[in-house]
Each structure stands twice: as structure tokens, then as C-alpha cells.
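The listed protein sequences derive, respectively, from chains A and B. The first sequence begins at 0 in numbering that gives the first Met the number 0 and counts up one residue at a time. The second sequence begins at 0 in numbering that gives the first Met the number 0 and counts up one residue at a time. The beta-carbon is built from N, C-alpha and C at its ideal position, and this holds for glycine as well. Have a look at the structure below before the remarks.
Protein chains: 2
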Amino acid sequence: MAYAVKAMPRPKSLTHERIAAAALAVIDRAGLDTLSMRTVAQELGIGTMSLYRYVEDREQLEQLVVDLVLNDLDPARPDGSWTERVIVLAERVRDAVGAHPAVVPLFLSHRHRNRHVMAWGEAVLGTLTEAGFADRRRVVAFRTLISYLVGAFSAEQLGPLSGPGTIVLAELPPTPFPLLAETARTAREIPAAEEFRGGLAILLAGLAATNPP
Amino acid sequence: MAYAVKAMPRPKSLTHERIAAAALAVIDRAGLDTLSMRTVAQELGIGTMSLYRYVEDREQLEQLVVDLVLNDLDPARPDGSWTERVIVLAERVRDAVGAHPAVVPLFLSHRHRNRHVMAWGEAVLGTLTEAGFADRRRVVAFRTLISYLVGAFSAEQLGPLSGPGTIVLAELPPTPFPLLAETARTAREIPAAEEFRGGLAILLAGLAATNPP
DNA sequence: CCTTGTAGGCGTACGGCGTACTCCTACGAG
DNA sequence: CTCGTAGGAGTACGCCGTACGCCTACAAGG
Numbered sequence: 000m001a002y003a004v005k006a007m008p009r010p011k012s013l014t015h016e017r018i019a020a021a022a023l024a025v026i027d028r029a030g031l032d033t034l035s036m037r038t039v040a041q042e043l044g045i046g047t048m049s050l051y052r053y054v055e056d057r058e059q060l061e062q063l064v065v066d067l068v069l070n071d072l073d074p075a076r077p078d079g080s081w082t083e084r085v086i087v088l089a090e091r092v093r094d095a096v097g098a099h100p101a102v103v104p105l106f107l108s109h110r111h112r113n114r115h116v117m118a119w120g121e122a123v124l125g126t127l128t129e130a131g132f133a134d135r136r137r138v139v140a141f142r143t144l145i146s147y148l149v150g151a152f153s154a155e156q157l158g159p160l161s162g163p164g165t166i167v168l169a170e171l172p173p174t175p176f177p178l179l180a181e182t183a184r185t186a187r188e189i190p191a192a193e194e195f196r197g198g199l200a201i202l203l204a205g206l207a208a209t210n211p212p
Numbered sequence: 000m001a002y003a004v005k006a007m008p009r010p011k012s013l014t015h016e017r018i019a020a021a022a023l024a025v026i027d028r029a030g031l032d033t034l035s036m037r038t039v040a041q042e043l044g045i046g047t048m049s050l051y052r053y054v055e056d057r058e059q060l061e062q063l064v065v066d067l068v069l070n071d072l073d074p075a076r077p078d079g080s081w082t083e084r085v086i087v088l089a090e091r092v093r094d095a096v097g098a099h100p101a102v103v104p105l106f107l108s109h110r111h112r113n114r115h116v117m118a119w120g121e122a123v124l125g126t127l128t129e130a131g132f133a134d135r136r137r138v139v140a141f142r143t144l145i146s147y148l149v150g151a152f153s154a155e156q157l158g159p160l161s162g163p164g165t166i167v168l169a170e171l172p173p174t175p176f177p178l179l180a181e182t183a184r185t186a187r188e189i190p191a192a193e194e195f196r197g198g199l200a201i202l203l204a205g206l207a208a209t210n211p212p
């Protein structure tokens, strides 16, 4: 204890949280592709290599950003029917991630080994269990939900119907793909949140339909 | 015509297809993160900058790879009930992409403006239309399917239950997340193809349940 | 108060990347 | 045979992540 103090000639001047906040500031200001060890160090007013006193590598820096964003994930247990609870849980993730859209790619690759996400997953599995899902059927139900969420997030980020790709598809001529063209046009009128809820409703209807009594 | 020939002092020695094949060879041999203009040029036996005679930039090179992989997407119209047809169409994409798992990230970001994917989407939309889906409900149904597919592909690629992340999760202790631990263990026994079909079945059950008569 | 060991901070440098620019040259057309 | 064109290649620039080594501010022990 006294030894630990003795072995600290100069106290640390930065915390992981402060570093993550700086990285998030860079991302929110100039986009994910401007994130680099150099830009974050500059944001903190320190030399590039000084960052490595606090962070193993870029990988860990990204993890810190994801952790920070997911701090806003509401951990309270929702109530209502099991389907209502799954909906609430799903929308909480969407809300947390949606607050910083540019970090979606980081979220997708770093979401594992984040304790908030794990607690969230445990809550989802608990809800499914109470609904009567078990064993393989529960695994498939859970993983299907995750797949939908992951796909919905990346679609909102860089999908063909929202984001830069939308413009291309929404203006394509009726031939040779009339349904695709019409779909792209109609899709522009649907708010992302509504579409997300719609897909979730379909999925939950499917889960309910395949749920044994 | 004669002018076009006149204006070609040296004939092109490479085709887009040959370039894409070289890039795919690099990816399949050493992984996606070894793909670079330099490695592809080396694979072709030409100088790095010579590649730019055939390709606008790295972006287009990646597009060519995706195009090549998706050439194996079966274009035939499937038959059976509408749910059976959607299943066949979904598994065709999975088969085409699954033949080169390392290109999944490229597929996710370059799938738009690929004509095979567009034709595939038109076929899916046609099937949904015949099943009675129209307007906004058809858009949501379509997009939900896409989201599930995209999510399933990336999950299979770098998900927590398959790939390197699996090991971490599958060996986590029962506390404090017992359901998560059990799910990870069970998930390892389920073949990816079976899980994919299971999720698809859930989704289609949901679509059928929400489909108006 | 002064010495001393430790750890924070930083500058340099290396090997990678994508690609702009410029030069050389092989070749088909006349 | 000449000539214009376009293919091919080398060099170089500004990025990136990060290994390495130096300098120095500081808290503890005397």
C-alpha cells in the first residue's frame, strides 16, 4: 500500500473515461475515419505516444469508446408481457447506440466482452426463458434477435435505403427492377424508428408463433 | 470504330475479372486484411501503379471482388410456396457468400449497386408481392429480411458464438451471467446452417402471422 | 532539504497503406 | 518507318499504428 504509493513518482494525469470521451469527441465531430491515435492525442493535448501509457493499442481505445457509449444503456428490468419486455430491451440498445451513430461499426466489432451488453443479453435470455424458451430453441431465438439488431443497425448506418446509398437506389429507374425502385421510394417515407419497430414486431410474432405452449 | 482501334497502341493485358480473381486469391490465401493494391499487383505480376490503369481506386477493386463472388448467385426463379421460395432465395445468398467467408465485410459494404444482388432483391420482392404484401408492409418485410441476413452473416463472421469470440464467451463462468454462459455452450453444438434456417423460419412465421388474408 | 528510483511524457523512426505524378516504352495505324 | 497513344513502372507524399529510447517531474527515504 505504502509501496504502491512509493512506486508512483508521477501520478497519472488521465483516466480511461477521459480518453474515451476525447475519442468520442473526435468521432462525433469529424467522423469515424478521422479517429487515430494521433487525433485523439491531439484532442487530449498530449503527444501521440503518451497515449500508449494508458492504452494497450488502438483496439483497446475503440473498446473504451464502446464502453463509454454503452454506459447509457438503461440496466433496469423492464416489465410487461415478455414481448413487450423484449421490445423495450431492444429499443434501449438502439437508443444507446443511436445517440452516436458513427460508432456503430465499433459497436458491432467490440460489443462482446462489454459488461453492459452482457447484462443486457442476460436480461433478454431471462425474458425468453420466462416465455418458455429453453435449450436450442432459446439459443436460436436469442441469436435471431441479435442478428436482426445487428443487421438493422448496420442497415441504418450504410444501408441502401437510408444513408448515401439511398439516393442511388431511390432514383433508379423502374426498369429493369420496378419493385426495387418502388420499394426504395416508399422506404424514404418510413421513419427509421418505425421501420425498426415493425421488423421487431414481425420477429416477435414469429417467436410467439413458434413458441410451444 | 476504326478510330477506337487506332487509339489503342497497346492492347490491355488484363481484364476486370482477372484482377478480381487475383484479389480473391489473395483474400482466400492470407485473409482480408492482407488485401492491398500492392499485394494484388504482386499477385498479377505487375507494378503497383499499373493496377490503376484498370481500376479507379481500392473501392472499385473491392467492388470487383464482390461482383465476382456474386456471379455464383443462382438467378433461377425458385418454386414452391412463397415461404419456401424466400427460404431458397435466402440460402442462395448464404451459399454464394459462404463460399468465401473472408469477403463478408466487403459484401456488406458493396452489395448495393451489384446487379446480381438487385435481381435477387427484385425476386424477393416479387415473392412477397405474390404473398399479398404491398406498400409499407412490403417495405418493412423486405428490409427486415435483409437486416436478418446481414446480421446473420456478420454474426457468423465475427459473432460471439462462432469465430474467435466464441471461445471467450463459451468458457465464461456461470456467474454473474448464467444464461449467457449456458447459451454460449449450447450454441457451439448447433451447426451454423441449422441456426440460420431456424432464424429464417422464425422470421417467416412472423411474416405469415402478420400477413393480411 | 537533498538524493534517488520510477514512471509519465515525448520525439524519432520504421514499415505499412492509398495514390498523385512523371517518365519510359511497346505497339498499332498510317 | 514514323508517330501518337496508352500501358507499365518508379518515386514520393502524407497518412496510419507503434517499437524504442531519452528526458524529466515527482514522491519517498534519508
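Give the secondary structure of residue i by DSSP, where H, G and I count as helix, E and B as strand, and everything else as coil.
i: B/Val87; result: helix
i: A/Ala98; result: coil
i: A/Ile145; result: helix
i: A/Thr128; result: helix
i: A/Arg110; result: coil
i: B/Arg135; result: helix
i: A/Leu203; result: helix
i: B/Gly150; result: helix
i: A/Val54; result: coil
i: A/Gly44; result: coil
i: B/Met226; result: Only positions 0 to 212 of chain B appear in the structure, and residue 226 of chain B is not among them; the question remains open.
i: B/Ala75; result: coil
i: A/Pro159; result: Legend: pLDDT at A/Pro159 = 49, less than 50; position of this residue unreliable, no value from coordinates given.
i: B/Ser49; result: helix
i: B/Leu171; result: coil
i: B/Thr14; result: coil
i: B/Leu179; result: helix
i: B/Leu34; result: coil
i: A/Pro190; result: coil
i: B/Thr185; result: helix
i: A/Thr82; result: helix
i: A/Pro104; result: helix
Compare the beta carbon distance of residue i and residue j with 7 Å and say whether it is the shorter of the two.
i: A/Val65; j: A/Leu105; result: yes
i: B/Ala22; j: B/Leu60; result: yes
i: B/Leu179; j: A/Gly120; result: yes
i: B/Gly205; j: A/Ile189; result: no
i: A/Glu194; j: B/Val139; result: yes
i: B/Val214; j: B/Pro77; result: Nothing about residue 214 of chain B can be read from this structure; chain B reaches only from 0 to 212.
i: A/Glu155; j: A/Ala101; result: no
i: B/Leu72; j: B/His115; result: yes
i: A/Ala208; j: B/Ala183; result: no
i: B/Gln122; j: B/Leu199; result: The sequence as given places Ala at residue 122 of chain B; Gln does not occur at that position. No, the pair does not count as a contact, with Cβ atoms beyond the cut-off.
i: A/Met48; j: B/Phe176; result: no
Going by beta carbon distance, what residues of the same chain come within less than 8 Å of residue i, once the five residues before and after it are set aside?
i: B/Phe152; result: Arg93, Val96, Val103, Phe106 and Leu107
i: B/Asn113; result: Gln62, Val65, Asp66 and Leu69
i: A/Gly44; result: none
i: B/Val39; result: Ile18, Ala21, Ala22, Val25, Leu50 and Leu60
i: B/Arg137; result: Leu124, Leu127 and Thr128
Please classify residue i as buried or exposed, where buried requires at least 16 other C-beta atoms within 10 Å of its C-beta.
i: A/Pro10; result: exposed
i: A/Thr143; result: buried
i: A/Ser146; result: buried
i: A/Leu160; result: Confidence at A/Leu160 is low in this model, with a pLDDT of 43, below 50, so the placement of that residue should be treated as unreliable; the coordinate-derived value is given next. Buried, because 16 or more other Cβ atoms sit within 10 Å of the Cβ of A/Leu160.
i: B/Met7; result: exposed
i: B/Ala29; result: exposed
i: A/Ala98; result: exposed
i: B/Gly46; result: exposed
i: B/Arg37; result: exposed
i: A/Gly197; result: buried
i: A/Arg110; result: buried
Among residues of its own chain, excluding the 5 on either side of residue i, which ones have a beta-carbon nearer than 6 Å to its beta-carbon?
i: A/Leu34; result: Val25 and Ile26
i: A/Ala130; result: Trp81
Within its chain, find whatever has a CB closer than 7 Å to the CB of residue i; leave out the 5 residues flanking it on each side and keep chain order.
i: B/Arg91; result: Leu72 and Asp73
i: B/Phe141; result: Val123, Leu124 and Leu127
i: A/Pro211; result: Gly131
i: B/Pro173; result: Ala180
Taking 6 Å as the cut-off, is the beta-carbon of residue i closer than that to any non-hydrogen atom of the ligand ATP?
i: A/Met7; result: Ligands are entirely absent from the displayed structure, and the ligand ATP is therefore not among its contents.
If contact means a Cβ-Cβ distance below 8 Å, which residues of the segment 191-203 of chain A contact chain B?
Contacts with chain B (Cβ-Cβ distance below 8 Å) from the segment 191-203 of chain A involve Glu194, Gly197, Gly198, Ala200, Ile201, Leu202 and Leu203, listed in chain order.
Selection of the segment 124-140 of chain A by Cβ proximity to chain B, strictly under 9 Å:
Among the residues of the segment 124-140 of chain A, those with a Cβ less than 9 Å away from any Cβ of chain B are Leu124, Gly125, Leu127, Thr128, Asp134, Arg135, Arg136, Arg137, Val138, Val139 and Ala140, in the order of the chain.
Taking only beta carbons into account, state which residues of the segment 45-60 of chain A come closer than 7 Å to chain B, listed in chain order.
Look at the segment 45-60 of chain A: it has no residue with a C-beta under 7 Å from a C-beta of chain B.
Interfacial residues, the segment 87-111 of chain B to chain A, with Cβ spacing under 7 Å
Result list: Leu107, Ser108 and His111.
What residues in the segment 4-27 of chain A have a beta carbon less than 7 Å from any beta carbon of chain B?
Sequence-ordered contacts of the segment 4-27 of chain A with chain B are nonexistent [C-beta pairs closer than 7 Å].
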